[in-house]
Structures are given as C-alpha cells and as structure tokens.
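Residue numbers (the working numbering): 1405 to 1577. Below is one structure; the comments refer to it alone.
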C-alpha cells in the first residue's frame, strides 16, 4: 500500500489495519517460511507525520509469523509485538545517513516498511522452543519426540568414517 507524500501533513494521521486488509496479509505471508494453516490475527497501527522536509512513519505491529526451527525444521508460530519508527527524506544529499530512509519517488510503500520492521524482530536462529534437541546428524530422527534414534547405540565403523585414517597418524610435531 503506497501513501503519497502529498497526503502526509504536519498533523499526525493514524491508520489501523487488521487481518481483513489484503495487503497486510500478503506482506506477512511473504515473510512466512512455510505455509500457515491457522487463522492469524493481525493488529497494525501506523502513524504518519511530516516534520519540515522529513516524513515520519511509526506505529505498532502485533501478529505471528510462521518460521522454521533452525534445529529440528518444524514450522511454528513466532509472536511479533513491536513498536517502530522510521524517518524518510527525499533529499539525495542525506541518502547515506544512518537511520534515515531515502525516498526516490513521490510515495512511501507501507508494505515495505511493515515487512522490514517485522524482519527486524525475527530471531537470527529461530527455535520452536528453548529446549529443542534438534535432529540426529546421522539419521535425521527428531530428537524431540522422546524416542531414541538407532544411531545412539551404533558405533561408526572405520569404513563409514572418512576421518578414521587420521587416528593412525602422528599429527603433533
């Protein structure tokens, strides 16, 4: 959803969006790492205001994003609840300034702003739960299911282990 710069005034404008707004759902679906089958609730409030030659876009986003656990690969819903604020300027001389977004056209794309703010909230290593055990590196069994995989009791033979030949070498000088 684009907001044209001419529509942003020095009076604060508040826009409310929910899961009923298609552009919001498409934006969040673009961040999901797997298809979400549950109905998600979304509450987004965006405030717009012009301050001199700058445009302030702020607000709050509260929703869930479907992520894949980095240890076991299972999809889970990650809760996002964050306030944000972004400053925009059409002035090309300020384009490299930190914490300032340069506007090249006559509008601000709110879907890009929202997607960026949600991505900034996501963990670098998503975990379905803090005590996730992951999967067995050898057979791929899910270690969270309580069952032991067959690899725990099986010794890897020298033929299966490509590093077994290093055990016979004296690597220390």
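All C-beta atoms, glycine included, are put in the ideal place defined by N, C-alpha and C.
Among all the DSSP beta bridges, which residues are the ones paired with residue 1460?
-> Here residue 1460 refers to the residue found at position 56 of the chain shown. Partner(s): 1453, 1491.
Looking only at C-alpha atoms, which of 1446, 1425, 1420, 1407 sits nearest to residue 1522?
-> Position 118 of the chain shown, counted from the first residue, corresponds to residue 1522. Considering only alpha carbons, the answer is 1446.
Can you tell me whether DSSP reads residue 1545 as helix, strand or coil?
-> In the chain shown, the residue the question calls residue 1545 occupies position 141. If DSSP states are grouped into helix, strand and coil, residue 1545 belongs with coil.
Go ahead and label residue 1470 buried or exposed: buried means 16 or more other beta carbons lie within 10 angstroms of its beta carbon, across all protein chains shown.
-> As a working note, residue 1470 is residue 66 in the chain shown. Result: buried.
Pick out whichever of 1555, 1518, 1493 has its Cα sitting closest to the Cα of residue 1484.
-> Position 80 of the chain shown, counted from the start, is the residue given in the question as residue 1484. That would be 1518, whose Cα lies nearest to the Cα of residue 1484.
On the three-state DSSP scale, how would you describe residue 1417?
-> As a working mapping, residue 1417 is identified with position 13 in the chain shown. Residue 1417 falls in the strand class under three-state DSSP.
Would you kindly report the start and end of the unbroken alpha helix (DSSP H) that includes residue 1512?
-> Translated into the one-based positions of the chain shown, residue 1512 becomes position 108. It is not in any alpha helix (DSSP H) - residue 1512 instead sits in the beta strand (DSSP E) that spans 1511 to 1513.
What did DSSP end up calling residue 1521 once you bin it into helix, strand or coil?
-> Against the chain shown, residue 1521 aligns to sequence position 117. Helix at residue 1521.
Rounded Cβ spacing between residue 1536 and residue 1473 (contact assumed at less than 8 angstroms) = Here residue 1536 refers to the residue found at position 132 of the chain shown. Here residue 1473 refers to the residue found at position 69 of the chain shown. Contact holds; Cβ gap of about 6 angstroms.
Residue 1528, DSSP secondary structure in three states = As a working mapping, residue 1528 is identified with position 124 in the chain shown. Of the three classes helix, strand and coil, the one that applies to residue 1528 here is coil, per DSSP.
How is residue 1431 classed by DSSP in three states: helix, strand or coil?
-> Position 27 of the chain shown, counted from the start, is the residue given in the question as residue 1431. Reduced to three states, the DSSP call for residue 1431 is helix.
Would you kindly work out how many angstroms separate the C-alpha atoms of residue 1443 and residue 1416, rounded to a whole number?
-> Along the chain shown, one-based indexing puts residue 1443 at 39. Along the chain shown, one-based indexing puts residue 1416 at 12. Roughly 32 angstroms separates the two Cα atoms.
Residue 1405 vs residue 1513 beta-carbon contact at 9 angstroms = Translated into the one-based positions of the chain shown, residue 1405 becomes position 1. Translated into the one-based positions of the chain shown, residue 1513 becomes position 109. Yes, these two residues count as a Cβ contact at 9 angstroms.
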